[in-house]
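Take my numbering: the last position of the sequence shown gets the number 270, and nothing is skipped along the way. Have a look at the structure below, then the notes.
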Amino acid sequence: MPSGWTPSPYDGRDIHYWPHGDPPLPPRAALRHPFAVRNQADVPCCVSIVVATCMEILDAQRGRTIELSPLFHYFIARSNPIELCVLDARTALQAASTVGLCRRDLHDPPFDAEGAARTPSDEARADADRQRLAGYDVGSMRMQYSVVTGPRVTACKAAIARGVPVMLAFWVTSAYRALSAAKPVHGPPPRERSDDGHAVTLIGYDDGRGSFLVKDSRGASFARMGYWQLPYSVMESPLVHEAWIVERIQYDA
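In structure tokens form, the structure reads like this:
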């Protein structure tokens with residue numbers, strides 16, 4: 018079963034993120050996510066888990082703790098809810114901004130094929146409208162999520178330093194599969210072909226270690242309690258395909 022991410026097709030309307038005019042960055046920064054590491058099991062819903070995680074991080078900064086349902090998002094974001102298909106980041110973010118995500122207690126099926134195909138209730142759909150990702154902002158005349166097109170390390174550090182989570186998408190190789198509690202640092206990109214794409218959430222960085230802190234969706238038994246380190250050098254390699262800055266939710270006012 019694939020991890021669940023596929024590259025976003027080109028769209029000239031995308032907003033490109035670059036931290037123009039940001040102050041000097043601190044040597045380290047971390048974001049608080051108040052919920053446990055999720056386990057997608059055999060459901061290719063990593064992108065939906067990242068969307069929920071990013072929204073929860075932004076919400077927690079307002080002092081709230083609304084836990085969202087990734088499988089609700091996975092149901093409404095894919096074109097055929099019966100098929101366990103992969104998602105691209107742009108489609109996933111658009112679904113979160115137009116439909117939203119309901120609370121976990123209103124749609125909490127197991128992470129398996131049957132759970133992924135379960136139709137959300139009318140109550141869950143109504144609740145999702147209350148928790149939407151910010152899309153186009155009339156005041157600033159720009160989208161509130163954007164794709165990184167310049168040097169990724171600088172841009173992602175700048176976002177995290179000001180409290181903004183990052184969706185990172187990359188190709189899965191043997192270096193990723195080798196992550197463990199004893200070895201929680203992603204190794205150099207190997208010379209091998211990969212047709213499996215995965216998405217994770219960047220929640221911190223540390224210049225002393227020269228790496229980003231990643232929150233994954235493989236459960237607490239993966240890597241070090243579900244977290245691992247992504248070196249800056251790997252971040253700038255072809256292994257990483259996309260990085261999206263998720264800036265604002267519509268229910269944070």
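Note that CB positions come from ideal geometry on N, CA and C, so glycine has one too. Keep in mind that this is a model prediction, so the values were computed, not measured.
Could you tell me the alpha carbon to alpha carbon distance between residue i and residue j, rounded to whole angstroms?
{"i": "L247", "j": "Q111", "result": "27 Å"}
{"i": "T171", "j": "V54", "result": "26 Å"}
{"i": "A94", "j": "T108", "result": "7 Å"}
{"i": "K232", "j": "A141", "result": "26 Å"}
{"i": "V202", "j": "V67", "result": "20 Å"}
{"i": "F128", "j": "S234", "result": "11 Å"}
{"i": "A240", "j": "E264", "result": "28 Å"}
{"i": "V103", "j": "F92", "result": "11 Å"}
{"i": "G183", "j": "L101", "result": "With the sequence shown as reference, residue 183 is identified as Val, and Gly is not the correct amino acid for it. Cα-Cα distance, rounded: 24 Å."}
{"i": "V155", "j": "Y162", "result": "Residue placement at V155 is flagged as unreliable, the pLDDT there being 49, under the threshold of 50; a coordinate-derived value is accordingly withheld."}
{"i": "Q57", "j": "H215", "result": "11 Å"}
{"i": "G225", "j": "P51", "result": "25 Å"}
{"i": "A69", "j": "L75", "result": "10 Å"}
{"i": "I185", "j": "T23", "result": "For the sequence presented, residue 185 should be read as Leu rather than Ile. Cα to Cα, L185 sits roughly 12 Å from T23."}
{"i": "P43", "j": "V251", "result": "21 Å"}
{"i": "C173", "j": "E73", "result": "18 Å"}
{"i": "K200", "j": "S211", "result": "21 Å"}
{"i": "P41", "j": "R179", "result": "11 Å"}
Would you decide whether residue i is buried or exposed? Buried here means 16 or more other CB atoms lie within 10 Å of its CB.
{"i": "M158", "result": "Caution applies to M158, whose pLDDT of 48 falls short of 50 and renders its modelled position unreliable; the model cannot decide the point."}
{"i": "V164", "result": "buried"}
{"i": "I99", "result": "exposed"}
{"i": "Y27", "result": "exposed"}
{"i": "D139", "result": "exposed"}
{"i": "G80", "result": "exposed"}
{"i": "P2", "result": "Because the chain is modelled from 18 through 270, residue 2 falls outside the range shown and cannot be assessed."}
{"i": "T218", "result": "buried"}
{"i": "H316", "result": "The displayed coordinates of the chain run from 18 to 270. Any statement about residue 316 would go beyond what the structure contains."}
{"i": "S65", "result": "buried"}
{"i": "G117", "result": "buried"}
{"i": "P61", "result": "buried"}
{"i": "E209", "result": "exposed"}
{"i": "S86", "result": "buried"}
Do residue j and residue i count as a contact pair if the criterion is CB distance below 7 Å?
{"i": "E259", "j": "R169", "result": "no"}
{"i": "G11", "j": "C63", "result": "Only positions 18 to 270 of the chain appear in the structure, and residue 11 is not among them; the question remains open."}
{"i": "Y244", "j": "I177", "result": "no"}
{"i": "D213", "j": "P19", "result": "yes"}
{"i": "S96", "j": "G152", "result": "no"}
{"i": "I83", "j": "V181", "result": "no"}
{"i": "S25", "j": "D105", "result": "yes"}
{"i": "D31", "j": "A175", "result": "no"}
{"i": "A77", "j": "R49", "result": "yes"}
{"i": "G204", "j": "W35", "result": "no"}
Once the 5 residues before and after residue i are set aside, which same chain residues still bring their CB inside 6 Å of it?
{"i": "L256", "result": "F187, W188 and P206"}
{"i": "R194", "result": "none"}
{"i": "Q267", "result": "R149 and A151"}
{"i": "A355", "result": "With the chain covering only 18 through 270, there is no way to say anything about residue 355."}
So is residue i in contact with chain B if we call contact Cβ pairs under 7 Å?
{"i": "G227", "result": "Here chain B cannot be found, since the structure has a single protein chain."}
Using a Cβ-Cβ cutoff of less than 8 Å, which residues in the same chain neighbour residue i once the five nearest sequence positions on both sides are dropped?
{"i": "Y249", "result": "V170, G227, S228 and F229"}
{"i": "D59", "result": "M18, F128, D129 and A130"}
{"i": "P126", "result": "L88, G132, A133 and R135"}
Given residue i, which residues of its chain have a CB within under 7 Å of its CB, disregarding the five upstream and five downstream residues?
{"i": "D144", "result": "C119, R120 and L123"}
{"i": "A47", "result": "I220, G221 and L230"}
{"i": "S197", "result": "A240"}
Item to check | Continuous alpha helix (DSSP H) assignments of at least 4 residues falling wholly in the region 52-89 | outcome: List check, alpha helix (DSSP H) in window: 63-77.
Checklist entry - Considering only residues of the region 172-247, which uninterrupted alpha helix (DSSP H) runs meet the minimum length of 4 residues and lie entirely inside it, listed in chain order? => result Within the region 172-247, the complete alpha helix (DSSP H) segments of 4 residues or longer fall at 191-194, listed in chain order.
Item to check | alpha helix (DSSP H) segments (min. 4 residues) lying fully within the region 84-135 | outcome: Positions of the alpha helix (DSSP H) runs, each at least 4 residues long and wholly inside the region 84-135, are given as 87-94, 106-115 and 130-133 in order along the chain.
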